[in-house]
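**Student:**
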Amino acid sequence: MVELMRPAVKELKKNCKNKVKLKCKVNVCHQTENVESSNSNSRILYRKGATMSLSSSLSSSSSSSSSTTLATSLPATTSATTVGISLEQRQIISHNNGSSNNKMTAAILTTLPTATITRTTTTTTTTATTTTASNRSNTKAFPTLASTTTSSCCRQQQEQQQKQLLVYCLLCIFLFAVTQKLPTANGLRLTNGGSSLSKGSSANKEQLNIGLIAPHTNFGKREYLRSINNAVTGLTKTRGAKLTFLKDYSFEQKNIHFDMMSLTPSPTAILSTLCKEFLRVNVSAILYMMNNEQFGHSTASAQYFLQLAGYLGIPVISWNADNSGLERRASQSTLQLQLAPSIEHQSAAMLSILERYKWHQFSVVTSQIAGHDDFVQAVRERVAEMQEHFKFTILNSIVVTRTSDLMELVNSEARVMLLYATQAEAITILRAAEEMKLTGENYVWVVSQSVIEKKDAHSQFPVGMLGVHFDTSSAALMNEISNAIKIYSYGVEAYLTDPANKDRRLTTQSLSCEDEGRGRWDNGEIFFKYLRNVSIEGDLNKPNIEFTADGDLRSAELKIMNLRPSANNKNLVWEEIGVWKSWETQKLDIRDIAWPGNSHAPPQGVPEKFHLKITFLEEAPYINLSPADPVSGKCLMDRGVLCRVAADHEMAADIDVGQAHRNESFYQCCSGFCIDLLEKFAEELGFTYELVRVEDGKWGTLENGKWNGLIADLVNRKTDMVLTSLMINTEREAVVDFSEPFMETGIAIVVAKRTGIISPTAFLEPFDTASWMLVGIVAIQAATFMIFLFEWLSPSGYDMKLYLQNTNVTPYRFSLFRTYWLVWAVLFQAAVHVDSPRGFTSRFMTNVWALFAVVFLAIYTANLAAFMITREEFHEFSGLNDSRLVHPYSHKPSFKFGTIPYSHTDSTIHKYFKDMHYYMKQYNKTSVADGVAAVLNGNLDSFIYDGTVLDYLVAQDEDCRLMTVGSWYAMTGYGLAFSRNSKYVQMFNKRLLEFRANGDLERLRRYWMTGTCRPGKQEHKSSDPLALEQFLSAFLLLMAGILLAALLLLLEHVYFKYIRKRLAKKDGGHCCALISLSMGKSLTFRGAVYEATEILKKHRCNDPICDTHLWKVKHELDMSRLRVRQLEKVMDKHGIKAPQLRLASSSDLLNHHHLKERPPLLGNLSLAASAQDLYRWSYKTEIAEMETVL
29 MVELMRPAVK ELKKNCKNKV KLKCKVNVCH QTENVESSNS NSRILYRKGA
79 TMSLSSSLSS SSSSSSSTTL ATSLPATTSA TTVGISLEQR QIISHNNGSS
129 NNKMTAAILT TLPTATITRT TTTTTTTATT TTASNRSNTK AFPTLASTTT
179 SSCCRQQQEQ QQKQLLVYCL LCIFLFAVTQ KLPTANGLRL TNGGSSLSKG
229 SSANKEQLNI GLIAPHTNFG KREYLRSINN AVTGLTKTRG AKLTFLKDYS
279 FEQKNIHFDM MSLTPSPTAI LSTLCKEFLR VNVSAILYMM NNEQFGHSTA
329 SAQYFLQLAG YLGIPVISWN ADNSGLERRA SQSTLQLQLA PSIEHQSAAM
379 LSILERYKWH QFSVVTSQIA GHDDFVQAVR ERVAEMQEHF KFTILNSIVV
429 TRTSDLMELV NSEARVMLLY ATQAEAITIL RAAEEMKLTG ENYVWVVSQS
479 VIEKKDAHSQ FPVGMLGVHF DTSSAALMNE ISNAIKIYSY GVEAYLTDPA
529 NKDRRLTTQS LSCEDEGRGR WDNGEIFFKY LRNVSIEGDL NKPNIEFTAD
579 GDLRSAELKI MNLRPSANNK NLVWEEIGVW KSWETQKLDI RDIAWPGNSH
629 APPQGVPEKF HLKITFLEEA PYINLSPADP VSGKCLMDRG VLCRVAADHE
679 MAADIDVGQA HRNESFYQCC SGFCIDLLEK FAEELGFTYE LVRVEDGKWG
729 TLENGKWNGL IADLVNRKTD MVLTSLMINT EREAVVDFSE PFMETGIAIV
779 VAKRTGIISP TAFLEPFDTA SWMLVGIVAI QAATFMIFLF EWLSPSGYDM
829 KLYLQNTNVT PYRFSLFRTY WLVWAVLFQA AVHVDSPRGF TSRFMTNVWA
879 LFAVVFLAIY TANLAAFMIT REEFHEFSGL NDSRLVHPYS HKPSFKFGTI
929 PYSHTDSTIH KYFKDMHYYM KQYNKTSVAD GVAAVLNGNL DSFIYDGTVL
979 DYLVAQDEDC RLMTVGSWYA MTGYGLAFSR NSKYVQMFNK RLLEFRANGD
1029 LERLRRYWMT GTCRPGKQEH KSSDPLALEQ FLSAFLLLMA GILLAALLLL
1079 LEHVYFKYIR KRLAKKDGGH CCALISLSMG KSLTFRGAVY EATEILKKHR
1129 CNDPICDTHL WKVKHELDMS RLRVRQLEKV MDKHGIKAPQ LRLASSSDLL
1179 NHHHLKERPP LLGNLSLAAS AQDLYRWSYK TEIAEMETVL
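Letter by letter, the sequence shown follows residues 29 to 1218 of the numbering used here.
1) The alpha helix (DSSP H) spanning Ile974 covers which residue range?
2) Within this structure, are the beta carbons of Thr747 and Ile642 separated by less than 8 angstroms?
3) If you run the structure through DSSP and keep just helix, strand and coil, what is Gly262?
4) Buried or exposed: where does Lys304 fall if 16 or more other Cβ atoms within 10 Å of its Cβ makes it buried?
5) Please report the residue range of the alpha helix (DSSP H) in which Ile284 lies.
6) Helix or strand or just coil, what does DSSP make of Ile238?
7) Could you pull the start and end residues of the alpha helix (DSSP H) that His945 belongs to?
8) Compare the C-alpha of Ile573 against each of His486, Arg619, Met288, Ala368 and name the closest.
9) How should Phe418 be labelled, buried or exposed, when 16 other C-beta atoms within 10 angstroms of its C-beta is the threshold for buried?
10) Between the Cα of Trp608 and the Cα atoms of Tyr888, Asp578, Gly495, which residue gives the shortest distance?
11) Going by DSSP in three states, His938 sits in which element: helix, strand or coil?
12) List the whole-angstrom C-beta distance separating Val806 from Phe902, where the pair is believed to meet the contact cut-off of C-beta under 8 angstroms.
13) Please report the Cβ distance between Asp287 and Lys233, rounded to the nearest whole angstrom; I am assuming they are in contact, meaning their Cβ atoms lie under 8 angstroms.
14) Does the Cβ of Ser870 have 16 or more other Cβ atoms within 10 Å, making it buried, or fewer, making it exposed?
15) Grouping DSSP H, G and I as helix and E and B as strand, with all else coil, what is Phe420?
16) With C-beta atoms as the reference, is Leu446 less than 8 angstroms away from Val392?
17) Quick check on Gly737: does DSSP put it in helix, strand or coil?
18) Under 8 angstroms by Cβ, that's how I've got Val427 and Gln396 pegged, so tell me the actual separation to the nearest angstrom.
19) Keeping to the same chain, check which residues put their C-beta closer than 6 angstroms to that of Arg690; ignore five residues upstream and five downstream.
20) Going by the CB atoms, is the gap between Leu382 and Val444 shorter than 8 angstroms?
21) Could you tell me if Pro1132 is buried or exposed, where buried requires 16 or more neighbouring beta carbons within 10 angstroms of its beta carbon?
22) Across the region 564-582 and the region 529-548, are there enough close Cβ pairs to call them in contact, namely three or more that are closer than 8 angstroms?
23) Tell me, to the nearest whole angstrom, how far the beta carbon of Leu738 is from that of Trp727; I am working on the premise that it is less than 8 angstroms.
24) Pull up the DSSP beta-bridge partners for Thr394, would you.
25) Which value, in whole angstroms, describes the spacing of the CA atoms of Met948 and Gly733?
26) In the DSSP assignment, the beta strand (DSSP E) including Ile605 goes from what residue to what residue?
27) For the beta strand (DSSP E) containing Asp617, list its first residue and its last residue.
28) Under the assumption that Thr467 contacts Ala461 (Cβ atoms under 8 angstroms), give the Cβ distance between them as a whole number of angstroms.
29) For Phe813, name the three-state secondary structure that DSSP assigns.
30) Could you name each continuous alpha helix (DSSP H) segment of 4 residues or more that falls completely within the region 473-504, going from the start of the chain to the end?
31) According to DSSP, is Pro295 part of a helix, a strand, or is it coil?
32) For the candidate residues Arg250, Gly1003, Lys514, Ala377, whose alpha-carbon lies nearest to that of Glu768?
33) Which whole runs of the alpha helix (DSSP H) in the region 531-572 are 4 residues long or more, in chain order?
34) Whose CA, out of Lys587, Ala622, Glu585, Ser583, lies closest to the CA of Leu600?
35) Roughly how many angstroms separate the alpha carbons of Trp735 and Thr729, rounded to a whole number?
36) Which residues bound the alpha helix (DSSP H) around Tyr848?
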C-alpha cells in the first residue's frame, strides 16, 4: 500500500509547490521571522534550517453560529510521524478561506535544507491546528517570509488562488495522515535524495543516539556505513556478556548520526555539527575517529571540538593519529577516552630502544608542534620511573625555532637524539643537523609517529633513523570504529544496570549551545566513569581494551621502524623491524637494523674517548699524596689513583715505567675530594687522563709580571686542566677559564685554645645581676620584716608590756637582728642555733621562707656546676680585617701570625693590607701543616689560610685544640681551571650542575670533610685534679669575708667607746633591745651589773691588800644583813610588817648565774641599814631598770 501511495504523494507534492508560488518576488524570502496571529495569544518561532514536525489526522465539526476549526491530531498511543517537507526555502502561505459563517486558516510550517522526509518515532502527541481568525485577509509569513502584512503586489493573486490552494493543502494533509496510519508502513527515511525503509518494532523503545565524526572522503562513505552496520549488528553476537539494555532501548544503525569532517574544518562547521546536528538528536556520546597524519594541521580543530564537547559534558571516545590534539593538558577536557597510543606510549617505546642498546645519555629535540611540551614532560617522567634499573641522563631539551638552536647539540656532546616534530619540520631540522655534522655513523636519531606519518621517507632523512609508529590506515580506522561502538554499548549496559542510575536518563534533551537550555549535561561525568571502566575483548593474543584513570589506553602496541635503502637502493624506505608491547615484560622485540652510516654495529651513544693532561697541587683533603704499593706499583682501593710527581725533564725516554711506578719519587697515589670528583667526570664524559704535579709547587700568582705555578701551565698550554683546591679570583679569570665553583670558601683564621682559670665571679654566674638584687634586697628583707612584724603583732608572740608588768616572766630572746640570723640560717640551711618565733603567724611565715630557700638552693646548685668549670681561652679575632692584625704594632705584645707565600691568601693580603703583609713575612710557613703545627706549639698565635682547608684540619685535630675564629674574608669558590676558550668548559659545567642538583657534591663534602676530633678525650681530661688557679674564686671569697669581719670588729669597738653612752641616755623606751639584745643589755643598769658580774667572776686580785679589802666589804655586808634580820623580828613583835626588800649578798651577786631565777639586786632592806647603801641604790629605779633587761 505504501509503494502504491508513494507516486501519488510525490505528484501531489509537486503540484502543491507549483500552486503556492507567487508571481511577485519577495526580497526577504530567506530570512527568519516571528509568525504571530493577530487574534491569537500563541507565538511560534521558526528558524532557517530547522525542521518542523507535522503529525495530523483529519477531523471536522461544524456549528451554525460559530467558527469552524480544522484540527489534525494523533492519539497519544500511536506512533507519530514527523514529516519535513523541503520547499527549497520558499514560503508556504497560510490560506484563509471563509464565508460569512465559516472561516478557516490552515498552516503548514516546515522548511528543511535538504529534500529529506525523515521519520522519527516518539511517544508524545504532536498536533497541528488551524485556528480560526477574523474575516480579514491576513497573510501569514513563515520561516522564509519576512513580513507579517501582505504586499500590495501579491494581495490580488492570493485572493484568486485561495480556493485552489486550500483544496491542495487539505488533500496533502489527508494523504499524509493516511500513509501514517498504514499498518505496513513502519517508517520512511530519505537521505540526500535517496530513500530507504527501516523496519522493526521499536515504536515503544527509548532511543539511544550517538554522534560519529570521521575523516571526509569521496569514496569511503559506503565503507563507513558498512563498518557501522557490522558493529551494531555484532552487538547481539558478542562472545562476552550479553547486552540486556537492547530489550528496552533502541540502538540501531539509524541511531548513529554520522558526519564527515574535513582536515581543517572551520569553527563554524564544528559548532554546527555539534550544536545543530548532534544536540538536535540528543546524543549521549560522540565518537571522534580521525586518521589524518598531517600533524599540526588538524590539532587546532581537534582541540576546539574536544573543548566544546567537554564544556557541554558529553563523553568522547576518540581515536586519531594526531595525539597532541587530545592530550589532557592541551584540551582541558576530562571526558575523553583515547583508543590510539598516546604520547606517553611513544616516549616509553623510544626510551626502550635506548635501553636496549645501553644509550644512557641523550638529547630531546622538538619543534613548536602542538603537544611538544607534553612530549618532553612524558620523557622526563618516564626517565624518572626507570632510574632504579636504568639510569638515563638528558643532556639537552631543545625547542627548535631556528636552525641555530642546534648549536647547543654540538656543544653538548650528544650522540642520541629524540625528535618530535612534523615531517616538514623534521626535514628542516635534519638538513641543519647534517650541516653541523650531527648526522653520520656516530649519531642516532629516534623519531616519533609525527615524523614518519604515512611511512613517506624524505631524501633528507639520514640512513639508520629509528622511529615508532602505529597503523593509521582506513582498515585500522574501521576496526577502531567497531571498538568504539562496543565500548559505548558496554558502558551503557553498566550504566543502566546500576540501580543508582534509575532516574538518570541517557539523553541530552534541552541541552543547548545557546542560552535557551542547559549549558552542561549533568549525567555526562557519571556516564563517563562507566565508559572508562569498560573492558572489552581485544584482538588475538592481545590484552583486553581498558583505560587508565586519565582515559588513556592501558595497553598499546607500537611498531619499531627503521629507515634503510630499498631493495634497488634507489630510495629510502621505512621498514618495520620490530614491535613494542607495553604489557609484556620484555617489551621490545627488534630484528636486524640498518645503522647510521651503513655501519654494521650500533653507535656507542657517547662521544669518542678523549685524553686529558691534568695538573694538580696537593692539599688535604682535596688531594692527598701517599706512596704506592712497593711490590705491584699500584694504588690500593682506598689510596686513589697513580699520579706523577716527577718533573717532565726527570722522566727519561728509556725509563722503565713499571719500576718508576714503584718509586715514590716518580709516582705516588693521589686521593681525596678532587680525585673522587675526577672519577665521576671520567665516568660520565668518558675520557682518560694523566695526573701530573706542578713543577714549581706554586698555586699561581703574578711574580715580576709573570704567572707561576698552576696558572702558568694553563697560560702556556702545558696542560689541559687544573684540578685541585684552586680559588677563583679576578686576576686568574682574566687569563684562564674557570668552571662553576664546586665548593664555596674564603680566608679564615685558625687559633689554638689554652686552658684558663675559673672565673672569680663564677659562683655568682648562675643568676644575673637582676636576680641577685631581687633575692638580696627584696626577698630577704621582705621575709625578715614580715616575720618580725607578725611576731610583734601576734597575741601568742612577744608582748613587751606584759613582760614589763610581770617580773616573774622568763625573759624572751627576740629582736630584729635575731630574725635576720634566722632568715640567713634557713636560706643557706646552716646547722646553727637560732631562736624560733612563738607566734603561729610568724612561724608559718618562717616555713614559707624555708620553702623558698629549698627552691632557690636547688636551682642555684644545679646551675653552679655549669659555671664552675675550667674556661678555655683563645685569641678571638673578628676576621682578617681585625685591627690587631691589620695594625700589628698597635697591640703590645704584637701577635704572631702568618700564611703560605704565593698563595691566593698571600696575594689578597698583599693587595689590600700591605702593612700586614710586610709584618707577617717573618712568620710565613711553607705548608699548611707547618703553620698549624706552629699554632699548636705556641710559635704562632694564629694562621691565616683557606677556610675549608682550615675547617678540615680543625676537625682532624684529635685533641680538639684548634678552632677557626671570625668571619671569612673575600668569599669565593674552588673551580676547575682550563686554558682560554677550552672546548671542555661547557661539558664539565653541565656535569657539575648535575652533581650539585642530585646531591653528589654534598655527599663528597660530607665524606671528606668529616674529622676525627673526639670530644670523649675532653671528657676524660675534665676528671684530672684541678690546680689552685682553677678554684681560686673560693679563696677570694674567703679573703673577702675576713676583711669584712675585721671591718665589723672595728665598728663594734667604735660603738662601745663612743656611741653606747649617748644611746643609753636617749633610749628611754628600750627600742634598741628590739633591734639587738646585746645592744639593749649594754644600755641598761642590769646589763651593766651582768657585765660587772662577768668581770668579777673572772677577776683575781693580784696582791693581798686587794683581797683584804674585798673580804672586809663582804664581812660588812653580812653584818648588815644580820642586823636587818634582827630588826625584822623586833617589828614583828610590835605588829609592824617589815617591807619586803632584800639586799643581795655579795655571794648572791657573785653566784647568781648558778640559779634558775635571777634574784633581785635589792632584798629586804632594814631601817638600820647603811644610809650609804640606801643612797647608792634606789630600789624602785633599779627594779624598773632590771625588768626592762632582756
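Using N, Cα and C, we set each Cβ at its ideal position, and we do this for glycine too.
**Tutor:** The short version:
1) The sequence as given places Asp at residue 974; Ile does not occur at that position. No alpha helix (DSSP H) contains Asp974, which is instead part of the beta strand (DSSP E) from 970-974.
2) The answer is yes: Cβ separation under 8 angstroms.
3) The three-state reading of DSSP puts Gly262 in helix, counting H, G and I together.
4) Lys304 counts as exposed, since fewer than 16 other beta carbons sit within 10 angstroms of its beta carbon.
5) Unbroken run through Ile284 is the beta strand (DSSP E), 284-289; no alpha helix (DSSP H).
6) DSSP places Ile238 in strand when its eight states are reduced to three.
7) Where His945 is concerned, the enclosing alpha helix (DSSP H) stretches over 942-948.
8) That would be Ala368, whose Cα lies nearest to the Cα of Ile573.
9) If you draw a 10 Å sphere on the C-beta of Phe418, you find fewer than 16 other C-beta atoms in it, and that means exposed.
10) The closest CA to that of Trp608, considering only Tyr888, Asp578, Gly495, is found on Gly495.
11) Helix.
12) In this structure Val806 is not in contact with Phe902, their Cβ atoms being roughly 39 angstroms apart against a cut-off of 8 angstroms.
13) About 24 angstroms separates the two Cβ atoms, so there is no contact after all.
14) Its Cβ being crowded by 16 or more others within 10 Å, Ser870 is buried.
15) Here Phe420 sits in coil by DSSP.
16) A contact, by the Cβ cut-off of 8 angstroms.
17) Note: Gly737 maps to helix in three-state DSSP.
18) Taking 8 angstroms as the upper bound for CB-CB distance, Val427 and Gln396 are in contact here, some 6 angstroms apart.
19) Excluding residues within five positions, the ones whose Cβ falls inside 6 angstroms are Pro658, Gly661.
20) If you check the CB distance, Val444 and Leu382 come in under 8 angstroms.
21) Looking at its Cβ environment, which holds fewer than 16 other Cβ atoms inside 10 Å, Pro1132 is exposed.
22) The region 564-582 and the region 529-548 do not touch, with fewer than 3 CB-CB distances between them shorter than 8 angstroms.
23) Rounded, the Cβ-Cβ distance is 6 angstroms, consistent with contact.
24) According to DSSP, which records beta bridges pairwise, Thr394 is partnered with Val427, Tyr448.
25) Whole-angstrom Cα-Cα distance: 23 angstroms.
26) Boundaries of the beta strand (DSSP E) harbouring Ile605: 600-609, taken from the DSSP string.
27) From DSSP, the beta strand (DSSP E) with Asp617 extends over 616-618.
28) Thr467 to Ala461, Cβ: 5 angstroms. Contact.
29) DSSP places Phe813 within a helical segment (H, G or I) once states are collapsed to three.
30) List check, alpha helix (DSSP H) in window: 477-480.
31) Of the three classes helix, strand and coil, the one that applies to Pro295 here is helix, per DSSP.
32) Looking at the Cα atoms, Gly1003 is the closest of the given residues.
33) Within the region 531-572, the runs of alpha helix (DSSP H) that reach at least 4 residues and sit entirely inside it are, in chain order, 552-560.
34) Minimum Cα distance to Leu600 is reached at Ala622.
35) Distance between the alpha carbons of Trp735 and Thr729: 5 angstroms.
36) Element bounds for Tyr848: 844-855.
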